[in-house]
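**Q** Here it is, the structure in full.
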Amino acid sequence: MAADRRTLGQLCCDLVLATELSGEVERFARWNDVVQRSAAESDHPQLTAFCAVCCAEVFCARGDWSLAERELRSAISVLRRTGHRARCVPPAAKLAELYLLQGRIEEAAQLIGRDDSDASLLVRARLALERCDPALAVTLLNRHCRRSGGDSLLTAPAIALLIDAQVAR
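Residue numbers (numbering that gives the first Met the number 0): 0 to 168.
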């Protein structure tokens with residue numbers, strides 16, 4: 000059973016990546032219904048919450064921020080209620096990122112707090128830049144890059160933001 004859940008989770012990751020890379024956001028939106036039904040039928044709340052994060056990214060790309068926020072709030076609620084953790088990206092970090100995109104700085108700060116998870120470090124660094132604290136942003140981004148293995152593709156967003164933070168210093 001656990002192997003099936005891991006396989007289903009990996010399938011979702013691969014589906015999201017493939018649709019993002021191919022620009023087929025609409026295709027992912029259609030598959031989301033299938034994924035959500037499967038997660039509900041298999042009583043796999045982590046997958047449901049994870050898919051909500053992926054769906055929120057799709058909704059953000061479409062410009063539907065209210066639907067993205069609703070998905071993320073729902074994911075946070077499911078994870079709190081069940082005591083599970085998100086499979087990949089914590090929905091609170093993604094919601095804080097959405098708040099930043101909307102200019103809701105204080106709400107983002109309150110939501111993310113001092114969380115030191117990898118996903119939260121980028122959001123906290125963006126917050127630091129919004130609050131004119133590039134030194135803190137540099138510290139957080141360097142930490143993120145070290146944890147992510149230096150100069151891999153996964154660190155590209157952090158490196159881009161690190162350049163902005165260094166310039167702002």
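Every residue gets a Cβ at the ideal spot worked out from N, C-alpha and C, and that includes glycine.
Among Arg79, Leu121, Asp117 and Ala91, which residue has its Cα nearest to the Cα of Gln109?
**A** Measuring from the Cα of Gln109, the nearest candidate turns out to be Ala91.
**Q** Does DSSP put His83 in a helix, a strand or coil?
**A** His83: coil per DSSP, three-state reduction.
**Q** Taking the continuous alpha helix (DSSP H) assigned at Cys144, which residues delimit it?
**A** Run containing Cys144: Pro133 to Arg146, per the alpha helix (DSSP H) assignment.
**Q** Using DSSP with H/G/I as helix, E/B as strand and the rest coil, what is Asp115?
**A** DSSP places Asp115 in coil when its eight states are reduced to three.
**Q** Based on Cα-Cα distance, which residue from Asn141, Ala155 and Pro133 lies nearest to Ala167?
**A** That would be Pro133, whose Cα lies nearest to the Cα of Ala167.
**Q** Report the option in Glu96, Ser41 and Glu25 whose CA atom is closest to the CA atom of Val52.
**A** Of the listed residues, the one whose Cα sits closest to Val52 is Glu96.
**Q** Looking only at C-alpha atoms, which of Leu160, His143 and Trp64 sits nearest to Leu100?
**A** Per the Cα distances, Trp64.
**Q** Going by the beta-carbon positions, is the gap between Ala124 and Cys144 smaller than 7 angstroms?
**A** Not in contact: Ala124 and Cys144 (Cβ atoms no closer than 7 angstroms).
**Q** If I follow the unbroken alpha helix (DSSP H) through Val166, where does it start and stop?
**A** Ala155 to Ala167 is the span of the alpha helix (DSSP H), which, as asked, contains Val166.
**Q** Around the Cβ of Ser119, are there at least 16 other Cβ atoms within 10 angstroms (buried) or fewer (exposed)?
**A** Flag for Ser119 reads buried.
**Q** Is Gln9 helix, strand or coil when you go by DSSP?
**A** Helix at Gln9.
**Q** In angstroms with no decimal places, state the Cα-to-Cα distance between Gln165 and Glu40.
**A** Each residue's alpha carbon lies about 49 angstroms from the other.
**Q** What is the rounded straight-line gap between the Cα of Val88 and the Cα of Ala28?
**A** Spanning the two alpha carbons is a distance of roughly 19 angstroms.
**Q** Mind checking whether Cys11 and Val34 have CB atoms under 7 angstroms apart?
**A** Taking 7 angstroms as the Cβ cut-off, Cys11 and Val34 qualify as a contacting pair.
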